[in-house]
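Undergrad:
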Amino acid sequence: MDTNGSLVRSLSSPTVWVAAMCSLFAPAAGAEGALVSLGTLNSGSYSYATGVNATGSVVVGASEDGAAQGLFGPLTRAFRWTQASGMVSLGTLNGGNWFDSATGVNADGSVVVGYAADGAAQNQFRAFRWTRASGMVSLGTLNGGSGSGASGVNADGSVVVGYAADGGASYGQTRAFRWTQAGGMVSLGTLYSRLEWSYAEAVNADGSVVVGTASGAPPSQIGRLTSSAFRWTLASGMVSLGTLNGGGYSYARGVSADGSVIVGTAADGAARDAERAFRWTQTTGMVSLGTLNGGYSSAALGVSATGSVVVGAAADGAAQNQDRAFRWTQASGMISVEEWLRRNGVAVAQGLRLNDARAVNADGSVVVGSMRTSEGVPGTGAAYLARVSPFGNGLMDVDPYYQTLSGPNPPRTALSRANLVLHGAHNNPLLGLVPEGRSCGWVTGDWGRDDVSGFNAGLGVVEFGACRRFSAAQVSVALGGARSSQDLPYGGNVRQTGGYVLGEATASAFRPDLWLTLTGYYGWGVVQIERNYLNAGLPDTSRADPNVPTWALRGRIDWQDALRLVGAGFTPYLDVSYLWARVNGYTESGGGFPAQLDGRSESATLLRYGLNAIRPVGYGVRLLGTLEGVHQFNGEGSSITGQVLGLFSFALPGAQYKQNWLRAGIGADAKLGWGIASLMFNATTEGQDPTYWVSATYRVVF
C-alpha cells in the first residue's frame, strides 16, 4: 500500500464502503474517511473500491455498469465517487469495450489511475491517467509492448507507477514503470539479466521512491528463477533489497511516506525458506519480523507513515497455525491484533478470529482487515477496524456497527409522539363540542406500541385541557406530557420524555353541519440514547441525551352526520397535518467507538380521509367507530451524517417510509359521574402510526 492513500485493497468481497474507510491510512494529519454505501453504476450487480484520496472525499474502483452492454452482458467500468456526485463512470479509453478499473487516486482526488481496454489498440489493456479536464488518457506502453496497467499514484498526481509489457525485451517481458508528464512511461529496469520481469507495487508520497518485485535468473543461479523485492530511486535505479538469510525470494508490499521503510514477505533461509514478514531500512537491511507463537509463516501487508508499525497476517502456532492478524512494533514484537487490544484494556470475546491486518493508519493507532464470520466456511468474512486511541479502544465489525448508526432517530420518534397527540384522543373534535356559553375540562391519555422489524417501541401521552364555547367557535388549550421507548440492536434503546402545549379552535363553516378545526402543537423533550454495538465481539454502549423541539399544525373539516343509517350518524372528514422536529448535533460518550452526529430535521405531511360513526345504544352509551386512510407525501427521511470520533465520517441515507396505510378504531363513550368517559381501541396496517393503541378520555362540562 502506498501511504499517501492512493492504493488501498478491498478488505472483503465487493463492499465499496470498506475502501472509503481505508482513507484512515492517509498520513495527512486529521484525515478522515467515509463509511458510506457507494452503490453501483446504473443498477449493476457489483462494485468494489480500490483507492481513496487523503481526505476520504473521493473513492475510486470498478463497478458493473448496467448501461454498458457487451457480448456476454454488462461490462465493468472504472468509477470515481464523491458525496456530491455519487458514483460516476470514468468512461472508456478511446471507445474501448471491455473491462476497466481504477486502482489509485491522488491526495486531493483530482487524478485517478488504473487500466482499461483501449479501443485504439484492439481492446488491449493500457495504463490510464484520468483528470476532469482530460478524461481517460492512455499512458502508452514500453517500446510498443502489448499492454500496461497502473497500480499507484503519488500525492500530487504527477507520478504514476505500474507494470507494462516491454516490446524491446525478450518475449515482451513485463517491466515496472514510472510515468511523469515530462518523461512519459519509463522502465525501471531489471535486477537480473535473464528471463526478467518486474512489477511496481507502490510509490511514496513525493514520488521519489518506488517499490515492487522483480523476478528472473541471477547470473550465479542460471536456470533457477527467483523473485526479489526492490527499491527504486532516480539516483540508484532498481536495487534489490536482498533476501532473508539466503532465502529464495522476497516481495515488497508497502513503503513509508518518506520511502525509508519497506515491508513485505520473503522466504527465510534460516527457516527452510518458510515465509516471513520483513521490514527493510537502509541501515538494517531486510530483517525478519518473526512469527506468531511459533507459527510456520508470516506476511507483512501494510506499514504506518513513519514505518514504526507493521501489520499483516501470520500462522498462529498457538492455534493450529490458523491465520491471524498481527501488529508489530520494535517494543512489542509480533503480537496478534486481539492481544494488542487485550493489553490496552479491551475485553475480547472468546473465539473471535481476525484473519489478517491489511493496513494501518499514519500513527499506527488504527488497524483494519478481515475477520472470519462463519467458522470453517471458506470465503466468509467481514471487514473489521481495531484501534487504541484517546477516543476509545476496541474492535468493530464494520458492517453491523454501520447499521447501528441509523437506529436512533430522535426527530422521527418526536414526530410519532406529536402524531399520536393530534390523531389519538383528538381524532374526533366533534366529540368534545359543548353548548354555547359552556366550558369543559378533560384528562386524556394515549398508550400504544409500534412493534416493527423485531424491535419493540412503546409510547404514551397524558394530557389535561380545558375549553370554552363562544358564539363563533369553541377554543381549547391543553398541557401534556409524553414518554416513548424504542429498542435498538444489541440491547440498546432510545427513551424520550418531554411535554407539549396544544391549542385548538373548532367553528362551523359555510353551513351548520360543516365544522372546521385548526390545531397547533409545540413539544419539547430530552432523548436518552443508549446505542449498543459489538466491541471485540462483546456488547458496548455509547450514550447521549440531546434535546428535540417539535411543532405541528393541523387543518380539518368534518361533515357532521352527512349520512344516517340504522340509527347511526356517519361523519366523513378530511384532515391535513404538517409535523416538524429537529435534533441538534450531539456527541456520544463512553464505549470504544462513540460517534458525533450532525443536527438534522424530520418532517411529515399527512393527508387523512375517513369516516367517524356514532350510534346510541341506550343508557347514555354510544358506540364509536373510525375507518381512515392515510397518505404521507414524503417517503424518505433526512440523511444521517456525522463521524465516528477519531476515525471516519459517515453519510447514511434517510429511512424509507410507508406512504399509504389504513387505520380502524372501535370504542364507546358513556355518562360516568359528573362527566363522560370514552375509550377507543385503534389498529393500523404498517405505516407511521403506532401498530395499535388505546385512547381514553374523561370530560366534564360546566
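Residue numbering for the sequence shown follows this note's numbering, beginning at 23 and increasing consecutively. Every residue, glycine too, gets a C-beta built ideally from N, C-alpha and C. These figures come from a predicted structure and were not determined experimentally.
Which first and last residues belong to the beta strand (DSSP E) in which valine 497 is found?
TA: Start at 1 with the first residue of the sequence shown, and residue 497 comes out as number 475. That run of the beta strand (DSSP E) goes 496-509.
Undergrad: Between which two residues does the beta strand (DSSP E) harbouring tyrosine 137 extend?
TA: As a first step, residue 137 must be located in the sequence shown, where it is residue number 115. That run of the beta strand (DSSP E) goes 134-140.
Undergrad: Return the first residue and the last residue of the beta strand (DSSP E) that asparagine 478 is part of.
TA: Position 456 of the sequence shown, counted from the first residue, corresponds to residue 478. No beta strand (DSSP E) holds asparagine 478; DSSP gives it neither H nor E.
Undergrad: Would a C-beta distance cut-off of 8 Å place valine 277 and asparagine 226 closer than the cut-off?
TA: Here the question's residue 277 lines up with position 255 in the sequence shown. Here the question's residue 226 lines up with position 204 in the sequence shown. Closer than 8 Å, so yes.
Undergrad: CA-CA distance, valine 605 and alanine 566?
TA: On the sequence shown, position 583 is the one that residue 605 refers to. On the sequence shown, position 544 is the one that residue 566 refers to. About 12 Å.
Undergrad: What is the residue span of the beta strand (DSSP E) that aspartate 280 lies within?
TA: On the sequence shown, residue 280 is found 258 positions in, with the first residue counted as 1. Counting along the chain, aspartate 280 falls outside any beta strand (DSSP E), and DSSP gives it neither H nor E.
Undergrad: If aspartate 140 and glycine 113 are in contact, beta carbons under 8 Å, what's the gap, nearest whole angstrom?
TA: Locating residue 140 in the sequence shown gives position 118, counting from the first residue. Locating residue 113 in the sequence shown gives position 91, counting from the first residue. Incorrect: roughly 12 Å between the Cβ atoms, too far for contact.
Undergrad: Would you grab the beta carbon distance between phenylalanine 703 and alanine 635 for me? Rounded to a whole angstrom, and I think it's under 8 Å.
TA: Position 681 of the sequence shown, counting from 1, holds the residue named residue 703. Position 613 of the sequence shown, counting from 1, holds the residue named residue 635. Not really, about 15 Å apart at Cβ, beyond 8 Å.
Undergrad: Output the boundary residues of the alpha helix (DSSP H) element that contains glutamine 362.
TA: Start at 1 with the first residue of the sequence shown, and residue 362 comes out as number 340. The sequence shown places tryptophan at residue 362, rather than the glutamine named in the question. From DSSP, the alpha helix (DSSP H) with tryptophan 362 extends over 359-365.
Undergrad: If I measure Cβ to Cβ from aspartate 419 and keep anything under 7 Å in the same chain, skipping five residues before and after, which residues do I get?
TA: Position 397 of the sequence shown, counted from the first residue, corresponds to residue 419. So the list reads Met393, Ala404, Tyr406, Leu556, once near-sequence residues are dropped.
Undergrad: Between the C-alpha atoms of leucine 92 and leucine 115, what's the straight-line distance to the nearest angstrom?
TA: Counted from its first residue, the sequence shown places residue 92 at position 70. Counted from its first residue, the sequence shown places residue 115 at position 93. Here the sequence assigns glycine to residue 92, which means leucine is not the residue at that position. Distance between the alpha carbons of glycine 92 and leucine 115: 15 Å.
Undergrad: How about glycine 339 and glycine 355: are their beta carbons less than 8 Å apart?
TA: As a position in the sequence shown, residue 339 is number 317, starting the count at 1. As a position in the sequence shown, residue 355 is number 333, starting the count at 1. It is not a contact, given that the beta carbons lie outside the stated cut-off.
Undergrad: Using only alpha-carbon positions, find the residue among Gly651, Gly525, Ser282, Asn441 that is nearest to valine 233.
TA: Here residue 233 refers to the residue found at position 211 of the sequence shown. Ranking the options by Cα distance to valine 233, first place goes to Ser282.
Undergrad: Comparing C-alpha positions only, which one of Asn478, Asn515, Leu538 sits nearest to valine 497?
TA: The sequence position of residue 497 within the sequence shown is 475, counting from 1. The residue with the shortest Cα to Cα distance from valine 497 is Leu538.
Undergrad: On a Cα-Cα basis, can you pick out the residue from Glu658, Ser717, Gln146 that is closest to alanine 447?
TA: Reading the sequence shown from its first residue, position 425 is the one you call residue 447. Here the closest residue by C-alpha is Ser717.
Undergrad: Would you report the Cα separation of threonine 72 and valine 82, rounded to the nearest angstrom?
TA: The residue labelled residue 72 in the question sits at position 50 within the sequence shown. The residue labelled residue 82 in the question sits at position 60 within the sequence shown. Near 6 Å, if we compare the C-alpha coordinates of valine 82 and threonine 72.
Undergrad: Taking just the CA atoms, how far does alanine 603 sit from glycine 647?
TA: The sequence position of residue 647 within the sequence shown is 625, counting from 1. The sequence position of residue 603 within the sequence shown is 581, counting from 1. Each residue's Cα considered, the two are about 31 Å apart.
Undergrad: In angstroms with no decimal places, state the Cα-to-Cα distance between alanine 187 and phenylalanine 199.
TA: Reading the sequence shown from its first residue, position 165 is the one you call residue 187. Reading the sequence shown from its first residue, position 177 is the one you call residue 199. Approximately 10 Å, taken between the alpha carbons.
Undergrad: Tell me which residues share the same chain as proline 638 and place their Cβ nearer than 6 Å to its Cβ, disregarding the 5 neighbours each side in the sequence.
TA: Here residue 638 refers to the residue found at position 616 of the sequence shown. Contacts found: Arg644.
Undergrad: Scan the stretch 645-679 and note each continuous beta strand (DSSP E) run of 3 residues or more that stays entirely inside, going in chain order.
TA: If we require 3 residues or more, the beta strand (DSSP E) runs fully inside the stretch 645-679 come out as 662-666, 670-674.
Undergrad: What is the DSSP secondary structure of aspartate 421, counted as helix, strand or coil?
TA: One-based indexing of the sequence shown puts residue 421 at position 399. Correct three-state label for aspartate 421: helix.
Undergrad: Can you give me the C-alpha to C-alpha distance between tyrosine 273 and threonine 235, rounded to a whole angstrom?
TA: The count along the sequence shown starts at 1 and reaches residue 273 at position 251. The count along the sequence shown starts at 1 and reaches residue 235 at position 213. Cα-Cα distance, rounded: 5 Å.
Undergrad: From which residue to which residue does the beta strand (DSSP E) around valine 443 run?
TA: The residue given as residue 443 occupies position 421 in the sequence shown. Per DSSP, valine 443 belongs to no beta strand (DSSP E); it is in the alpha helix (DSSP H), 432-445.
Undergrad: Excluding the 5 residues flanking tyrosine 714 on each side, which residues of the same chain have their C-beta closer than 8 Å to its C-beta?
TA: Taking the sequence shown and counting its residues from 1, the one referred to as residue 714 is at position 692. Taken in chain order, the residues that qualify are Gly470, Arg471, Phe703, Asn704, Ala705, Thr706.
Undergrad: Would the stretch 448-464 and the stretch 409-429 be scored as touching if the rule is three or more Cβ pairs under 8 Å?
TA: Flag = no, the stretch 448-464 and the stretch 409-429 do not touch.
Undergrad: Out of Leu481, Arg630, Cys462, Gly467, state which residue places its alpha-carbon closest to the alpha-carbon of alanine 436.
TA: Looking up residue 436 in the sequence shown gives position 414. The shortest C-alpha separation from alanine 436 is found at Leu481.
Undergrad: Can you tell me the Cα-Cα spacing of phenylalanine 413 and valine 285, whole angstroms?
TA: Looking up residue 413 in the sequence shown gives position 391. Looking up residue 285 in the sequence shown gives position 263. The straight-line gap from Cα to Cα measures roughly 29 Å.
Undergrad: Is it buried or exposed for proline 457, if we count other Cβ within 10 angstroms and need 16 for buried?
TA: Numbered from its first residue, the sequence shown carries residue 457 at position 435. Exposed is the call here.
Undergrad: Under 8 Å, with one C-beta from each stretch per pair, do the stretch 256-264 and the stretch 295-310 reach the 3-pair mark?
TA: Counting Cβ pairs under 8 Å, three or more are found: they touch.
Undergrad: Measure from the alpha carbon of glycine 467 to the alpha carbon of each residue in Leu501, Asn478, Ser461, then state which is nearest.
TA: Walking along the sequence shown from the start, residue 467 turns up at place 445. When only C-alpha atoms are compared, the closest one is Leu501.
Undergrad: Are the beta-carbon atoms of serine 727 and serine 387 separated by less than 8 Å?
TA: Because the chain here runs from 23 to 724, residue 727 falls outside it and cannot be looked at.
Undergrad: With a threshold of 8 Å on Cβ separation, who are the neighbours of valine 548 within its own chain once the five nearest residues in sequence on each side are excluded?
TA: For the purposes of this step, residue 548 is taken as residue 526 along the sequence shown, with counting starting at 1. Excluding residues within five positions, the ones whose Cβ falls inside 8 Å are Gln518, Thr519, Gly520, Asp567, Pro568, Asn569, Val570.
Undergrad: How about alanine 322 and arginine 275: are their beta carbons less than 8 Å apart?
TA: Against the sequence shown, residue 322 aligns to sequence position 300. Against the sequence shown, residue 275 aligns to sequence position 253. Closer than 8 Å, so yes.
Undergrad: Among Val110, Gly614, Thr62, Ser65, which has the Cα closest to the Cα of glycine 367?
TA: For the purposes of this step, residue 367 is identified with residue 345 of the sequence shown, where counting begins at 1. It is Gly614 whose Cα lies nearest to the Cα of glycine 367.
Undergrad: At the level of alpha carbons, what is the spacing between arginine 586 and aspartate 580?
TA: For the purposes of this step, residue 586 is identified with residue 564 of the sequence shown, where counting begins at 1. For the purposes of this step, residue 580 is identified with residue 558 of the sequence shown, where counting begins at 1. Going by the C-alpha atoms only, they are around 15 Å apart.
Undergrad: So, are the CB atoms of arginine 154 and valine 182 less than 8 Å apart?
TA: If you number the sequence shown from 1, residue 154 lands on position 132. If you number the sequence shown from 1, residue 182 lands on position 160. No.
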